[in-house]
Every structure is written in structure tokens, then in C-alpha cells.
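**Q** First, the structure itself, so that you have it in front of you.
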């Protein structure tokens with residue numbers, strides 16, 4: 001936690017740092033006098049540099065002890081970098097095709113050196129706004145989520161392993177508190193940080209703050225976020241944390257990682273796909289009514305859950321006699337009982353996921369951080385119409401999530 | 001965790017230890033050549049000494065690195081002593097009238113020096129077997145549970161405080177695993193450790209192992225035990241962990257303490273009262289049909305829950321604008337909404353408590369560790385009849401717990 005030895009790097013000092021660090025220089029083919037550095041951090045928190053030599057490339061991410069887009073007045077522990085590096089390594093180990101490799105981590109400098117996710121990879125959110133279909137997205141995300149969630153849960157770990165990991169990630173509490181504030185608190189009260197498409201959504205935002213049943217449900221979701229140590233979750237798995245091409249899907253930025261409810265990851269991803277869906281009407285132009293694309297998004301949502309279900313329960317089957325201590329094989333050895341147990345677990349997870357999906361949608365419409373899906377709709381009437389439909393859907397979903405048995409039912413509600 | 005410096009004390013070496021330890025000697029009025037030591041450990045795990053001088057008294061409890069009643073073949077970390085001392089201090093701070101004061105803790109020696117709970121205090125379980133009424137028991141236990149659970153939860157703590165405490169108590173994992181095994185696993189499978197009143201309960205024990213719905217529900221309870229970090233719980237709050245007189249109630253032995261579901265404590269206590277209830281018919285003699293006493297036990301169960309409810313929600317009201325981050329006052333500021341939130345929270349807690357109560361009952365009838373309430377019934381036919389009724393009640397309670405709205409309904413089922 002000490003600041004000793006820490007300094008914020010710029011291009012010049014980063015150049016010296018790389019030269020002096022064999023694990024980084026080697027990835028550039030040791031061409032230490034012949035590489036280019038470009039600062040590309042478009043996030044709110046960190047500095048990100050792309051470093052390219054004729055023989056290789058790396059990305060350098062440095063956390064600074066405050067929120068970058070606001071300044072030193074909003075301190076934010078740079079120790080988040082430690083948790084990001086730890087989660088990246090863990091997730092890369094569990095889902096190597098969908099998580100960049102970490103080459104180097106320097107805790108003092110809060111600096112991660114990792115694989116450069118090269119063009120034509122773009123941020124998924126931008127692809128969704130542009131109307132690009134990614135045929136393998138659902139498959140890849142289902143695989144990432146099934147692997148990272150299953151193998152870090154008590155379905156695969158012993159209690160001893162689980163509690164040790166829980167304890168370690170309790171240290172990432174500042175980032176958890178930030179999520180609590182921006183997802184579960186601010187949208188439901190008057191806050192200087194909240195904003196929305198005003199004046200069009202003024203009454204909608206007020207309605208959220210006065211919706212007692214909604215707030216009752218959000219309280220339950222928040223409790224689960226704070227108290228349910230189910231798996232090592234990414235913690236910020238929206239469509240801005242995913243980079244894609246037609247063939248490749250890469251999950252980045254797990255600095256919010258901690259032991260929490262699995263549904264928070266699944267919900268973040270699905271909820272942001274729903275946001276993309278509701279934003280499509282704002283991106284209609286003469287040549288493209290986006291109808292086909294809307295159908296593709298819905299199919300992707302359905303496929304994501306259904307494939308996740310299949311992959312996750314299949315891992316469970318494979319490891320049913322494994323080290324996991326949640327359901328001991330000697331007790332749950334009956335085929336029918338195992339099916340019952342799985343159905344119950346997966347239904348609870350489904351309802352959690354829907355609740356968190358909805359909470360993540362609401363906060364993007366009336367909370368502090370908005371999404372480019374809507375922000376890029378310049379016509380405010382159009383934008384607010386899209387946002388309102390998304391908001392109404394999300395409110396309904398929060399309240400009625402336990403009534404849904406399949407993702408198809410949820411999609412029918414959205415349509 | 002090191003053994004360095006650790007040695008198991010006997011009366012002679014304990015005498016030297018006390019002489020050399022001012023915080024202990026002072027409690028004996030520094031009469032270091034004039035005190036008596038008596039070993040009284042009747043538990044399964046530790047050594048316990050009562051030390052009395054003409055001017056004072058203390059209890060010394062030393063944990064050894066194995067299960068005392070089995071021997072070195074069953075290792076058990078002596079670090080449990082650290083968690084016991086930490087929990088005792090915390091709980092004494094929160095409920096000083098019902099938890100003995102810790103005078104001294106030596107982590108290397110796994111040794112706690114604390115208040116001697118003097119006669120006529122006896123273990124509550126023995127009082128219940130003898131048919132003694134304790135008019136303040138429900139009030140006191142409700143107060144202990146309300147204070148220790150409320151103030152260690154997110155209803156009073158910040159997320160930062162909660163996660164720090166969760167992380168610390170993750171270290172007590174060996175004791176958590178023991179509970180997982182003896183409460184949630186062994187009774188539901190063939191295990192060398194299980195026993196029951198054979199042959200009378202042979203088919204009953206088998207029925208437990210083959211009851212699919214029961215095992216489905218027990219899995220959910222186990223998940224909550226392993227994953228729900230709701231409050232610092234005692235972890236072993238049965239009627240053998242409570243010492244009583246007519247005026248006083250003292251809760252001891254929190255070596256199983258960790259961050260878990262509140263309902264596990266409430267359930268442990270209530271479940272063991274139900275065991276005492278079902279055992280009464282085995283203690284009937286010519287002079288006493290125990291009818292009045294059975295009614296008193298039922299009243300005590302009802303009072304415990306109802307007083308707990310009142311005290312716990314009252315603490316919540318008092319601190320509604322306090323530091324707790326679960327329900328921010330700015331969001332939950334509406335009176336009607338606050339009532340809704342409380343009702344939902346308490347109903348969930350009630351159902352958790354009933355589930356854990358039932359699980360704790362079942363394991364005492366067909367698991368490894370039995371209770372004196374039943375064991376002291378020498379007529380095996382009578383004993384097994386009592387046990388069978390308790391077992392049937394507990395199985396029903398596990399499966400139907402969500403249908404109960406009041407403790408009176410539960411008591412009606414038991415009767």
C-alpha cells in the first residue's frame with residue numbers, strides 16, 4: 001500500500017522501465033532502442049500504453065492512486081492493479097483463449113505488462129453500435145464465464161482453497177465499494193453524480209428513486225453482491241471489457257475482481273447486450289433498419305445463457321467426483337438427485353443473473369456512468385425513447401425475475 | 001501456526017505459567033503460592049482448568065493441535081484458540097453481560113485466560129435435562145444474538161470493516177470444515193463416524209440417507225454456511241455452549257466463530273431447545289410428567305425468536321442513520337419501505353434459522369456427536385421413540401421451512 005518507489009510513468013520513463021525489465025524487453029525482441037509507445041487509455045481510471053517494436057508488442061497498464069478522469073480529489077487505491085494482475089493470471093489459466101497473458105507485474109509500480117490485443121480487435125461495445133455480428137461471441141463468452149466461475153467456486157475447490165481466495169480478494173474492497181455506490185446506491189437516491197437525458201427522463205429518474213418494490217429488490221441484490229462469496233468474478237464484465245474480432249473474443253480489465261455472486265458477471269454481460277438491443281432503434285438509418293441485427297443480439301443473449309448453462313453443468317458432471325466440496329459425490333450420487341440439484345442451482349443462478357443484468361442496465365441510464373450505445377444517439381428525443389424502453393424493461397425484470405424459467409421468456413418480455 | 005514455543009501444559013507447568021503472567025496472577029490477587037488448579041475439560045477438543053485462590057479465580061483454556069477425545073491421529077489446528085479469543089473479546093464487547101471477559105491470550109501457547117463462570121452456573125443442557133426453568137433465558141439469548149449478529153453485519157459495519165473481518169476469520173477454515181462434515185455431510189452418507197440408537201433407528205437413518213428432497217434442501221443450507229458472510233457468528237451455539245443460573249446466562253466456546261449466516265446461530269440454539277423438548281418424554285418419572293416443562297421449553301423457543309426479532313429490528317431502527325452500508329438511509333428513508341425491507345430480511349433470516357435448526361437436530365440423531373438429552377435416556381426403546389419424533393419433525397421443518405410465517409406455527413408442528 002506504500003507509495004514508496006511508486007511513480008507515475010510517462011512515455012520517456014516508461015521507455016527506460018521497459019529497457020530495464022527483461023520480461024518486457026524480450027517480448028519486443030529486445031529491440032530496446034527501436035520501439036514506439038502510444039498512450040491509449042480511454043477508461044476512467046488508468047494509463048494504458050501500446051508498445052510496438054518490429055519484432056513484438058506489449059501493453060503496459062499502470063494504475064494511479066486516484067480516478068484518472070476526475071483527478072487527485074477522488075483517491076482510488078492503486079492496489080487494484082495487484083488484484084487485476086492476480087485475476088488476469090487466474091482467468092488466463094482457466095480460459096487461455098479468451099484472456100490476455102500477463103508477462104510482467106510490478107506491485108510497487110502498480111504496473112502490468114501483458115499481451116497486446118492487436119487489430120482488428122475492437123471493443124465489443126463499439127462493434128455493437130456499428131451493427132457488426134460476431135458469430136462466436138456467445139460461445140466464447142459462455143466458455144469464459146463457465147470456466148472462470150466454475151473452477152473458482154466450491155463446485156471445484158475445497159473449502160480451504162475457497163476461503164483462502166476469499167480472504168485475499170477481500171483486499172480489493174475499495175473497488176467493491178465503488179460498485180456498491182454506482183450500481184446499487186446512487187441511482188436510487190439524489191446524487192450529484194447521477195445524470196440522465198434531461199429533461200426527457202426527469203420523471204423516469206424520479207420514478208426509479210420512488211419505486212419501493214424496485215428498491216426492495218435492489219437491496220436483496222446488493223446483499224448478495226456484498227455477502228455471497230460464490231466464485232472469483234470479473235466484477236465489471238460489460239461490453240466495454242471485451243475485445244472482439246469475428247474469430248476472437250478477449251476479456252480484459254478485471255480490476256474489480258473479487259469473490260462475489262456468479263450472477264453479477266453473467267448479468268453484466270447480458271444486461272449490456274440488452275442495452276445494445278434497446279439502443280439499436282437510435283442507430284437506424286436509411287440503409288439499415290437494424291431489424292436483423294436486433295434479432296442477432298437477442299439470439300446472442302439466448303445463446304450466451306444456454307451455452308453457459310450447458311458448459312457449466314458439463315464441467316460439473318466432469319468433476320462430480322473431483323475436489324469440490326459443495327456437493328460430495330457420496331451424498332449426491334443418485335442421477336435423479338444430481339439433476340434436481342443442478343436444476344435448482346442453475347435456476348437460482350439464472351434469477352441472480354437477471355436481477356444483476358437489470359441493475360446494471362438501470363445504473364447506465366440514470367446513474368453516473370453511461371454507455372456509448374445510447375450516448376452516441378445524438379437526437380435526444382430518440383435517445384431518451386430508447387433509454388426509457390430499456391429502463392422499463394429493466395425495472396420489470398428486477399421485480400419479476402423469479403417468474404422466468406427460460407431466457408426465451410425474458411427475450412419475449414424485451415421485445 | 002508454528003509449534004515453536006508451544007507446549008501442552010499440565011497442572012505443574014500451568015502453575016509456573018500463571019506465576020509468570022501478571023495479567024493472570026493479578027486476577028488471583030497475586031496469591032501465586034496459594035491457588036488450586038482443577039482440570040475440568042469435558043469437551044472433545046481442549047484442556048480447561050479452573051484456578052482458584054482465596055482472592056480470585058480464573059479459567060484457563062488451552063487448545064492442543066489435535067482432537068483431544070480422539071488423539072493425535074485427528075489433527076486440529078490449535079490456531080482455533082486465536083479465533084476463539086478474538087470472538088470472545090468481540091462478543092464480550094457487544095454483549096458484556098452474557099460473555100465472559102478474556103484476561104489474557106497467548107497465541108503461541110494457544111492459551112486463553114478468562115473469567116471463571118462460578119457455581120451455581122451449570123451447562124444449560126444439563127439444566128434442561130433436569131427440568132429446570134430459566135425465566136430469563138430467552139431474553140438473554142435474544143439479547144446476545146441480536147447484539148453480536150447485528151453489530152458485526154453490514155447493517156452496522158461499512159463494507160471496508162466487513163471485508164476486513166471476513167478475511168481474518170477465513171483463517172478459521174479448519175473448524176468450518178469440521179462443521180461442514182459433521183452437520184451437512186456425514187449424516188447424509190455412509191460414514192464410519194455416524195451412529196444412532198440401533199437397531200431401532202436403522203431404517204430411519206437409512207431413510208435420511210435416501211431422502212432426495214431433504215438432501216436437496218441440505219445442499220442449499222450448506223451453500224449458505226460456506227458462502228454467506230452475513231455476520232460474525234458463534235458457530236456452535238448449542239445448549240452445551242451456554243451456562244446458566246436463574247439470573248444469569250453466559251455464552252462460551254466460540255472457537256467455531258467465522259463470518260457466516262446469522263441463521264446458523266439462531267438455528268443452533270432453537271434446534272437444541274427442540275431436541276430438549278423431544279427428549280422430555282424420556283425423562284418422565286412418577287412424580288413429574290414434564291408437561292409443564294415441555295410447555296416452558298416451547299414458550300422459551302417462541303420467546304427467543306420473538307424477542308430476538310424485536311431487539312434486532314430495534315437496533316436496526318436505532319442505527320438506521322448509522323455507519324452500516326447495507327441499507328443507506330438516503331435510499332431507505334420511507335417508513336413504509338423500511339418496514340417492507342425489515343420484514344423481508346427477517347423472514348429470510350427466520351427461514352434460514354429454521355433450516356439450520358433442523359440440520360443441527362438431524363445430525364445429533366444420526367451423526368457422529370449426540371446430545372446428552374437423548375443419551376441419558378437409558379431405555380433404548382423410549383430413547384429411540386423420542387429421537388424418531390425429533391427426526392421426523394426436523395425433516396419436515398427442513399423441507400417446509402419457507403411455508404412458516406411465525407414461530408407459533410413451527411411450534412404447532414412440533415406438538
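Residue numbers (full-length UniProt numbering), protein chains in the order written: chain A, 1 to 415; chain B, 1 to 415. Glycine included, each C-beta is placed from N, C-alpha and C at the ideal position. What you are looking at is a predicted structure, and each value in this text was computed from that prediction instead of being measured.
In chain B, which residues lie less than 9 Å from residue 330 of chain A when you measure between Cβ atoms?
**A** The sequence position of residue 330 of chain A within the first chain is 330, counting from 1. Near residue 330 of chain A (Cβ distances below 9 Å), the residues of chain B are 185, 188, 189, 190 and 191.
**Q** Can you check whether the C-beta of residue 118 of chain B is within less than 8 Å of a C-beta belonging to chain A?
**A** On the second chain, position 118 is the one that residue 118 of chain B refers to. No - not a single Cβ of chain A is within 8 Å of the one on residue 118 of chain B.
**Q** By the 9 Å beta-carbon criterion, what residues does the stretch 169-182 of chain B contribute toward chain A?
**A** Against chain A - using a Cβ distance shorter than 9 Å - the residues of the stretch 169-182 of chain B are 169, 170, 171, 172, 173, 174, 176, 177 and 180.
**Q** Quick check on the burial criterion: 16 or more other C-beta atoms within 10 angstroms. Buried or exposed for residue 152 of chain B?
**A** Numbered from its first residue, the second chain carries residue 152 of chain B at position 152. So residue 152 of chain B ends up on the buried side.
**Q** Measure the C-alpha to C-alpha separation of residue 136 of chain B and residue 84 of chain A and round it to an integer number of angstroms.
**A** Along the second chain, one-based indexing puts residue 136 of chain B at 136. Along the first chain, one-based indexing puts residue 84 of chain A at 84. When rounded, the distance between both Cα atoms is 52 Å.
**Q** Are the C-beta atoms of residue 223 of chain A and some chain B residue less than 8 Å apart?
**A** Counting from 1 along the first chain, the entry for residue 223 of chain A is found at position 223. By this cut-off, residue 223 of chain A is an interface position.
**Q** Secondary structure at residue 9 of chain A, three-state DSSP: helix, strand or coil?
**A** Walking along the first chain from the start, residue 9 of chain A turns up at place 9. Coil, per DSSP.
**Q** Can you give the beta carbon distance from residue 182 of chain B to residue 359 of chain B, rounded, assuming they're within the 8 Å contact cut?
**A** Locating residue 182 of chain B in the second chain gives position 182, where the first residue counts as 1. Locating residue 359 of chain B in the second chain gives position 359, where the first residue counts as 1. Not really, about 11 Å apart at Cβ, beyond 8 Å.
**Q** For the stretch 80-157 of chain A, which segments carrying the beta strand (DSSP E) assignment without a break, of at least 3 residues, lie completely within its bounds, in sequence order?
**A** DSSP runs (the beta strand (DSSP E)) wholly in the stretch 80-157 of chain A: 102-106 and 111-114.
**Q** Just the chain B side, please: which residues come within less than 7 Å of residue 229 of chain A by C-beta, in chain order?
**A** Position 229 of the first chain holds residue 229 of chain A. 227 and 229, listed in chain order.
**Q** Using a cut-off of 9 Å between C-beta atoms, extract the partners of residue 334 of chain B located in chain A.
**A** Taking the first residue of the second chain as 1, we reach residue 334 of chain B at position 334. Here the neighbours are 210, 212 and 215.
**Q** With burial defined as no fewer than 16 other Cβ atoms inside 10 Å of the residue's Cβ, what is the status of residue 280 of chain B: buried or exposed?
**A** Locating residue 280 of chain B in the second chain gives position 280, counting from the first residue. Residue 280 of chain B comes out buried.
**Q** Hey, could you find the ends of the alpha helix (DSSP H) residue 309 of chain B is sitting in?
**A** Against the second chain, residue 309 of chain B aligns to sequence position 309. Taken as a continuous stretch (DSSP letters only), the alpha helix (DSSP H) holding residue 309 of chain B covers 291-318.
**Q** If we count Cβ pairs, one from each stretch, closer than 8 Å, do we get three or more for the stretch 393-402 of chain A versus the stretch 8-19 of chain B?
**A** Judged by Cβ distances under 8 Å, the stretch 393-402 of chain A makes no contact with the stretch 8-19 of chain B, as fewer than three pairs qualify.
**Q** Does the Cβ-Cβ distance between residue 82 of chain B and residue 169 of chain B come in under 8 Å?
**A** If you number the second chain from 1, residue 82 of chain B lands on position 82. If you number the second chain from 1, residue 169 of chain B lands on position 169. No; because the gap between Cβ atoms is not below 8 Å, this pair is not in contact.
**Q** For residue 285 of chain B, which of B:329, B:174 and B:378 has the nearest alpha-carbon?
**A** Along the second chain, one-based indexing puts residue 285 of chain B at 285. Here the closest residue by C-alpha is B:378.
**Q** Count the other C-beta atoms from every protein chain shown that fall within 10 angstroms of the C-beta of residue 244 of chain B, then say buried if there are 16 or more, exposed otherwise.
**A** Your numbering for residue 244 of chain B matches position 244 in the second chain. Residue 244 of chain B should be labelled buried.
**Q** Leaving out the 5 sequence neighbours to the left and right, which residues in its chain are closer than 7 Å to residue 140 of chain B when beta-carbon positions are compared?
**A** Counting from one through the second chain, the residue named residue 140 of chain B turns up at place 140. Only 98 and 249 meet the Cβ criterion.
**Q** Enumerate in chain order the residues of its own chain whose CB-to-CB distance from residue 267 of chain A is below 8 Å, with the five nearest sequence positions on each side excluded.
**A** Residue mapping note: residue 267 of chain A aligns to position 267 of the first chain, counting from 1. Closer than 8 Å at the Cβ level, and outside the excluded window around residue 267 of chain A, lie 352, 353, 354, 355, 356, 357, 358, 359 and 360.
**Q** Quickly, what does DSSP pair residue 260 of chain B with across the bridge? List them, please.
**A** Counted from its first residue, the second chain places residue 260 of chain B at position 260. Answer is B:231.
**Q** Can you give the Cα-Cα distance for residue 49 of chain B and residue 178 of chain B, rounded to whole angstroms?
**A** Taking the second chain and counting its residues from 1, one reaches residue 49 of chain B at position 49. Taking the second chain and counting its residues from 1, one reaches residue 178 of chain B at position 178. Between residue 49 of chain B and residue 178 of chain B, the C-alpha separation is close to 25 Å.
**Q** Please confirm whether residue 324 of chain B and residue 157 of chain B have their CB atoms less than 8 Å apart.
**A** Stepping through the second chain from its first residue, residue 324 of chain B is reached at position 324. Stepping through the second chain from its first residue, residue 157 of chain B is reached at position 157. Contact flag set, yes.
**Q** Bridge partners of residue 46 of chain B, per DSSP?
**A** Counted from its first residue, the second chain places residue 46 of chain B at position 46. B:63, per the DSSP bridge assignment.
**Q** Taking DSSP as the reference, what is the three-state secondary structure of residue 422 of chain B?
**A** The first residue shown for chain B is 1 and the last is 415, placing residue 422 of chain B beyond what the model contains.
**Q** Using C-beta distances below 6 Å, list every residue in its chain close to residue 61 of chain A, excluding the 5 sequence neighbours before and after it, in chain order.
**A** As a first step, residue 61 of chain A must be located in the first chain, where it is residue number 61. Answer for residue 61 of chain A: 46, 48 and 112, listed in chain order.
**Q** Checking the sheet assignment: what are the DSSP bridge partners for residue 288 of chain A?
**A** Taking the first residue of the first chain as 1, we reach residue 288 of chain A at position 288. Paired residues: A:285.
**Q** Which value, in whole angstroms, describes the spacing of the CA atoms of residue 1 of chain B and residue 321 of chain B?
**A** The residue given as residue 1 of chain B occupies position 1 in the second chain. The residue given as residue 321 of chain B occupies position 321 in the second chain. In this predicted model, residue 1 of chain B has a pLDDT of only 41, less than 50, meaning its place in the structure is not dependable enough to derive any value.
**Q** Any beta carbon of chain B sitting closer than 8 Å to that of residue 350 of chain A?
**A** Start at 1 with the first residue of the first chain, and residue 350 of chain A comes out as number 350. Judged by the 8 Å Cβ criterion, residue 350 of chain A is not in contact with chain B.
**Q** What three-state label does DSSP hand residue 22 of chain A in the structure shown?
**A** The count along the first chain starts at 1 and reaches residue 22 of chain A at position 22. Correct three-state label for residue 22 of chain A: helix.
**Q** Are the C-beta of residue 167 of chain B and some C-beta of chain A separated by less than 8 Å?
**A** In the second chain, counting from the first residue as 1, residue 167 of chain B sits at position 167. Residue 167 of chain B counts as touching chain A.
**Q** Based on Cα-Cα distance, which residue from A:408, A:412, A:374 and A:391 lies nearest to residue 128 of chain A?
**A** As a first step, residue 128 of chain A is located in the first chain; it is residue number 128 there, counting from the start. The shortest Cα separation from residue 128 of chain A among A:408, A:412, A:374 and A:391 belongs to A:374.
**Q** Can you name the residues of chain A whose CB is closer than 8 Å to the CB of residue 326 of chain B?
**A** The residue labelled residue 326 of chain B in the question sits at position 326 within the second chain. What residue 326 of chain B touches in chain A: 219, 222, 223 and 226.
**Q** Going by DSSP in three states, residue 395 of chain A sits in which element: helix, strand or coil?
**A** Here residue 395 of chain A is taken as the residue at index 395 of the first chain, counted from 1. It is helical.
**Q** Would you say residue 341 of chain B reaches chain A, if we count a Cβ-Cβ gap shorter than 8 Å as a contact?
**A** Residue numbering aside, residue 341 of chain B sits at position 341 when the second chain is read from its first letter. Yes, because at least one Cβ of chain A sits closer than 8 Å to the Cβ of residue 341 of chain B.
**Q** Helix, strand or coil: how does DSSP classify residue 199 of chain A here?
**A** In the first chain, counting from the first residue as 1, residue 199 of chain A sits at position 199. Of the three classes helix, strand and coil, the one that applies to residue 199 of chain A here is coil, per DSSP.
**Q** Between the Cα of residue 208 of chain A and those of A:409, A:366 and A:257, spot the shortest distance and give me the residue it belongs to.
**A** On the first chain, position 208 is the one that residue 208 of chain A refers to. Answer by Cα proximity: A:366.
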